[in-house]
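Residue numbers (my numbering): 1061 to 1197.
All C-beta atoms in this analysis are idealised placements derived from N, C-alpha and C, irrespective of residue type, glycine included.
Fair warning: this is a prediction, and the values are worked out from it, not measured in the lab.
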């Protein structure tokens, strides 16, 4: 069956102290990514964010803010997705699970490469938001 429209997804910027969690993807497209995934039928975006964070990083998160919504049709090479991006807090050490080969903590100044999807833009928006309070449009 061909998709009838964009797929809803979530991404979660998990803060642990002054660092954030990124995952190295196990499956294509390859690269490092913000933890996240598809929203299941009947699931709220907030519930999907908490679930995906736990599945991919082993971390129980508390959502603290909504960064923005990202809908560029080219953001995911697999198909058109619309991502609701949350900021969350967690404690402990992340470990890769589900679609994540590994999960590690990074700061703005030691981000890994390559970054998957449009996550370089989302991360730039996040770090600008943390410094200025300005949210992306």
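Inset, instruction - Note down the Cα distance separating residue 1151 from residue 1131, rounded to an integer number of angstroms. - result: Along the chain shown, one-based indexing puts residue 1151 at 91. Along the chain shown, one-based indexing puts residue 1131 at 71. Roughly 30 Å separates the two Cα atoms.
Legend entry - Element boundaries [alpha helix (DSSP H), containing residue 1163]: Counting from one through the chain shown, the residue named residue 1163 turns up at place 103. Where residue 1163 is concerned, there is no enclosing alpha helix (DSSP H), although the beta strand (DSSP E) it sits in stretches over 1160-1166.
Inset, instruction - Tell me residue 1075's beta-bridge partners as DSSP assigns them. - result: Residue 1075 sits at position 15 when you count from the first residue of the chain shown. Note: residue 1075 sits in a beta bridge opposite 1080, 1149.
Inset, instruction - For residue 1188, count neighbouring Cβ atoms within 10 angstroms of its own Cβ and tell me buried if that reaches 16, exposed if not. - result: Against the chain shown, residue 1188 aligns to sequence position 128. Answer is exposed; the Cβ neighbour count stays below 16.
Inset, instruction - Starting from residue 1098, follow its DSSP beta bridges and name the residues at the other end. - result: Along the chain shown, read from residue 1 onward, the residue named residue 1098 stands at position 38. Note: residue 1098 sits in a beta bridge opposite 1069.
Legend entry - Span of the alpha helix (DSSP H) around residue 1129: Here residue 1129 corresponds to residue number 69 of the chain shown, with the count starting at 1. Counting along the chain, residue 1129 falls outside any alpha helix (DSSP H), though it belongs to the beta strand (DSSP E) covering 1122-1130.
Legend entry - For residue 1126 and residue 1091, the rounded distance between their alpha carbons: Here residue 1091 refers to the residue found at position 31 of the chain shown. Here residue 1126 refers to the residue found at position 66 of the chain shown. Answer to the nearest angstrom: the Cα atoms are 24 Å apart.
Inset, instruction - Determine the direct distance from the alpha carbon of residue 1066 to that of residue 1141, and round the result to whole angstroms. - result: Locating residue 1141 in the chain shown gives position 81, counting from the first residue. Locating residue 1066 in the chain shown gives position 6, counting from the first residue. Approximately 5 Å, taken between the alpha carbons.
Legend entry - residue 1143 - partner residues in DSSP beta bridges: Here residue 1143 refers to the residue found at position 83 when the chain shown is read from its first residue. Partner(s): 1069, 1130.
Legend entry - Top-ranked residue by Cα proximity to residue 1084, from 1077, 1195, 1105, 1175: As a first step, residue 1084 must be located in the chain shown, where it is residue number 24. Cα-wise, what sits closest to residue 1084 is 1175.
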